[in-house]
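Notes to accompany the following structure.
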Amino acid sequence: MPVAYIPRTRDLYDDFTPYRWVENESAPFTPLTKPIAKCRVALISSGGIMYRDQPRFHREDASYRRIPIDARRDDLSVWHFGYPTADAERDVNCVFPIERMRELAASGVVGELVDPAFSFMGGVYSARKIRDELAPQIVDELKRAHADAFFLVPA
Amino acid sequence: MTSAIDITQSVTPPRAVFVNFPLGHQTGPPDQPDLQRRIVTDAMRAFETITTPATIVELPYVWDANDRSWEDIDYTKGWMPARPSRDAADKLEAERQAKFRRT
Numbered sequence: 010m011p012v013a014y015i016p017r018t019r020d021l022y023d024d025f026t027p028y029r030w031v032e033n034e035s036a037p038f039t040p041l042t043k044p045i046a047k048c049r050v051a052l053i054s055s056g057g058i059m060y061r062d063q064p065r066f067h068r069e070d071a072s073y074r075r076i077p078i079d080a081r082r083d084d085l086s087v088w089h090f091g092y093p094t095a096d097a098e099r100d101v102n103c104v105f106p107i108e109r110m111r112e113l114a115a116s117g118v119v120g121e122l123v124d125p126a127f128s129f130m131g132g133v134y135s136a137r138k139i140r141d142e143l144a145p146q147i148v149d150e151l152k153r154a155h156a157d158a159f160f161l162v163p164a
Numbered sequence: 214m215t216s217a218i219d220i221t222q223s224v225t226p227p228r229a230v231f232v233n234f235p236l237g238h239q240t241g242p243p244d245q246p247d248l249q250r251r252i253v254t255d256a257m258r259a260f261e262t263i264t265t266p267a268t269i270v271e272l273p274y275v276w277d278a279n280d281r282s283w284e285d286i287d288y289t290k291g292w293m294p295a296r297p298s299r300d301a302a303d304k305l306e307a308e309r310q311a312k313f314r315r316t
């Protein structure tokens, strides 16, 4: 059985009122109109990835980073308070599979990759901030980039 | 992708793929590019195979067939290593900035 994180969150933060998770009644859905092998795909991670000297994330931070799609592993850093980041720091592909996506574009599994990729720090308490501040900015980026689909990887 | 099925069932994104791995490893363990590539390829294929909104596809990969203890520890008190002090964190950040401005 996969871990149930809602009760775990309640226990871990038992000093606080239980978190009110977003509850949606239905899912938006846009069917793919062409094979993924012909799509422009954007990579996004909520794992807190930064490129070179981009500013570090901090708590309640709804900012995002643009990561050049050709970024080298050595140019990437991780900051996130909500998960153990040692493995991501060692191999960023654990939460931000940028090298793997480049391989899939080269081998034709996906059409092409949007440049840049994006990352934010998902440990933000305020769902409203994500919905009203961060998400619209990412949507604008994806529209400007003519993305057909985006691949959002959580931590 | 999703790393927490119960939260995702509440939020209902259009489509999601899940691997039963510890938090922080949803696209695979470190230094295992073949497994990472299989996970990401399966996720790309799911764009084509998921046709019902809010579907969550679970992939069959196993973190460690001989040791499932992580499932009892993940996201419980004491699961995270101690965080650096404020001063230590500021120092690490200054070093990161200096490193990238030099190179």
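These protein sequence lines map, in sequence, to chains A and B. Per my numbering, the very first residue in the first sequence carries number 10; after that it's consecutive. Per my numbering, the very first residue in the second sequence carries number 214; after that it's consecutive. Positions of the beta carbon are idealized from the N, C-alpha and C atoms, including for glycine.
- Under the Cβ distance rule, V275 (chain B) does not count among the residues neighbouring chain A, no pair being separated by less than 8 Å.
- Only those residues of the region 56 to 79 of chain A whose C-beta falls short of 8 Å from the nearest C-beta of chain B are listed: G56, R61, D62 and R65.
- In the DSSP assignment, the residues bridged to M130 (chain A) are A:G56.
- Sorting A:A164, A:M110 and A:A158 by C-alpha distance to the C-alpha of T42 (chain A) places A:A158 at the top.
- If you draw a straight line from the Cα of M130 (chain A) to the Cα of A164 (chain A), it comes to about 9 Å.
- For V31 (chain A), the neighbours in chain B by C-beta distance under 7 Å run, in chain order, S223 and V224.
- I76 (chain A) sits buried, since 16 or more C-beta atoms from the chains shown fall within 10 Å of its C-beta.
- Among the bridge pairs identified by DSSP, F159 (chain A) is matched with A:A51.
- The bridge partners DSSP lists for S86 (chain A) are A:M59.
- Three or more Cβ pairs drawn from the region 49 to 59 of chain A and the region 110 to 130 of chain A lie within less than 8 Å of each other, which places the two stretches in contact.
- As the crow flies, the alpha-carbon of L143 (chain A) is around 16 Å from that of V162 (chain A).
- Straight-line spacing of the CA atoms in P145 (chain A) and N279 (chain B) works out to 44 Å.
- When only Cα atoms are considered, W276 (chain B) and P235 (chain B) end up about 8 Å apart.
- With respect to chain A, the C-beta atom of E306 (chain B) has a partner C-beta closer than 8 Å.
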